[in-house]
Amino acid sequence: MIKKERKIPLTIKKYEALLRRLPKNHPKREQIEEELAKSLAGYQGEKAIDYYLDFLPQDRYYIFHDLRLKVGDKKYTQIDTCILTSRFLLILEVKNISGTLFFDQSFHQLIRTKDEKEEGFPDPVLQVKRQQHFVTKWLQNNRFPSIPIETFIVISHPSSIIKTAPRHKEIYEKVLHSAYLPQKIEQLEKCYQKDILTLKEMKKISRHFIKKHTPLDFDVLSQFELSKSEILSGVHCPTCFTLPLVRKRGTWLCQKCPSSYKDAHVQTLHDYALLISPTITNRECRDFLHLSSPSIASKLLVSLSLKHWGTYKNRTYILTIR
1 MIKKERKIPL TIKKYEALLR RLPKNHPKRE QIEEELAKSL AGYQGEKAID
51 YYLDFLPQDR YYIFHDLRLK VGDKKYTQID TCILTSRFLL ILEVKNISGT
101 LFFDQSFHQL IRTKDEKEEG FPDPVLQVKR QQHFVTKWLQ NNRFPSIPIE
151 TFIVISHPSS IIKTAPRHKE IYEKVLHSAY LPQKIEQLEK CYQKDILTLK
201 EMKKISRHFI KKHTPLDFDV LSQFELSKSE ILSGVHCPTC FTLPLVRKRG
251 TWLCQKCPSS YKDAHVQTLH DYALLISPTI TNRECRDFLH LSSPSIASKL
301 LVSLSLKHWG TYKNRTYILT IR
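So the sequence shown is numbered by UniProt numbering: it starts at 1 and just counts up by one.
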């Protein structure tokens with residue numbers, strides 16, 4: 001049973017919004033496009049395992065995708081997929097990496113060989129061990145029963161070749177292709193045949209996971225050392241992405257397509273929330289949407305049923321549409 005669905009990560013949404021709002025010749029575009037490609041590959045890799053998770057009995061497995069829990073004052077653990085059963089908890093770290101993958105446990109690194117080129121990655125084995133440690137601590141801190149925690153590193157790219165040194169037996173147990181995931185989970189069921197958690201305790205942990213999940217948020221402009229002035233304002237065309245659209249008689253008109261839209265400003269305010277601020281005033285709305293009328297800006301903001309504070313003239317709206 002999926003308790004927390006997999007959604008498009010905020011990182012991808014921010015990168016896509018940033019690329020919509022930078023000039024085509026901006027010197028940082030290539031760097032941002034590379035980061036977006038990496039994030040998309042990771043997300044697609046995580047989605048690729050969902051087919052195999054569907055084979056699991058829905059009544060015995062609680063599945064949480066993209067779970068981020070706080071452990072300590074400033075430490076968080078990010079888990080691609082967490083599976084809770086009455087007998088054990090399983091952490092899945094998904095890697096969508098093509099080529100020949102050599103898990104080097106002598107120097108704790110992952111070496112990818114592709115097109116006769118070698119590239120190094122951080123050791124996923126160390127990564128899942130940290131996750132295992134943090135989840136154990138999180139359960140203890142929240143006074144939940146102690147339960148065995150297992151970890152798998154799932155290679156979602158079907159053509160990847162997995163290699164390691166013969167003496168590194170842990171790799172043979174922990175690293176697998178996604179197609180083999182149901183069988184590996186079945187093996188765990190045979191190892192752990194005693195129920196530790198009651199159904200009530202499973203439901204309580206499930207509720208607590210979802211309640212304590214803390215999505216990763218970050219200032220994408222700071223990440224790429226960009227200033228607010230470099231961001232292109234105006235309502236963009238949903239069809240051809242031309243900036244800016246012109247508003248006439250309650251409709252946004254594209255001068256290039258030509259196309260017309262009633263609600264094109266919604267995506268633009270979404271971009272504002274992703275790139276600049278999760279809150280906006282009437283003045284800021286007019287500046288970003290290229291509106292001259294305070295009453296029109298107010299009408300558009302009110303129509304979105306946004307939470308707000310302040311008096312009518314000094315109102316600040318919370319852009320929960322993100």
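Even glycine gets a Cβ: it sits at the ideal position worked out from N, Cα and C.
- Taking Glu-170 as the centre and dropping the five residues before and after it, the same chain places the C-beta of Gln-105 and Val-125 closer than 8 Å to its C-beta, in chain order.
- The alpha carbon of Thr-85 has as its nearest neighbour, out of Lys-194, Gln-140 and Phe-103, the alpha carbon of Lys-194.
- Taken in chain order, the whole alpha helix (DSSP H) runs of length 4 or more contained in the UniProt domain "NERD" (41–158) are 50–53 and 124–141.
- For Tyr-15, the enclosing alpha helix (DSSP H) covers residues 10–20.
- Contact check for Ala-264 and Val-246: beta-carbon distance about 11 Å, past the 8 Å limit, so the pair fails to qualify.
- Separation of Met-202 and Pro-27 (C-alpha to C-alpha, rounded to the nearest whole angstrom) is 50 Å.
- Beta-bridge partners assigned by DSSP to Arg-247: Trp-252.
- Contact between the segment 257–274 and the segment 220–239 is established, with three or more Cβ pairs separated by less than 8 Å.
- Remark: fewer than three beta-carbon pairs, one from each stretch, lie closer than 8 Å, so the segment 253–263 and the segment 44–62 are not flagged as touching.
- In terms of CA proximity to Glu-119, Gln-109 leads the group Gln-109, Leu-306 and Asp-219.
- Taking each of Lys-211, Ser-160, Lys-4 and Lys-13 in turn and checking the Cα distance to Gly-99, the smallest one comes out for Ser-160.
- For Tyr-317, the pairing in a beta bridge is given by DSSP as Ile-280 and His-308.
- Within the segment 176–218, the complete alpha helix (DSSP H) segments of 4 residues or longer fall at 181–191 and 199–212, listed in chain order.
- In this structure, the CA atom of Arg-207 is about 13 Å from the CA atom of Leu-69.
- A Cβ-Cβ separation of about 22 Å leaves Tyr-62 out of contact with Ile-8 under the 8 Å criterion.
- Taking all protein chains shown into account, Cys-191 has fewer than 16 neighbouring C-beta atoms within 10 Å of its C-beta and is therefore exposed.
- Take the alpha-carbon of Glu-5 and the one of Thr-81: they are about 10 Å apart.
- In this structure, the straight-line span from the alpha carbon of Lys-248 to that of Leu-289 is close to 13 Å.
- Ala-17 is the residue among Glu-173, Asp-115, Ala-17 and Pro-215 whose C-alpha sits nearest the C-alpha of Asp-271.
- Per DSSP, the unbroken beta strand (DSSP E) holding Ile-2 starts and ends at 2–4.
- For Leu-181, the closest C-alpha among the options Met-1, Arg-21 and Phe-55 is that of Phe-55.
- Taking the Cα positions, Ser-229 is about 12 Å away from Leu-275.
- Taking C-beta atoms as the reference points, Ile-91 and Arg-112 fail to come closer than 8 Å.
- The beta carbon of Cys-240 lies closer than 8 Å to those of Cys-254, Lys-256, Cys-257 and Ser-259 in the same chain, with the five residues before and after it left out.
- Beta-bridge pairing by DSSP links Ile-162 to Leu-101.
- Sequence-distant partners of Arg-21 (beyond 5 residues in either direction) whose C-beta falls short of 7 Å from its own C-beta, in its chain, are Ile-231, Leu-232, Asp-271 and Leu-275.
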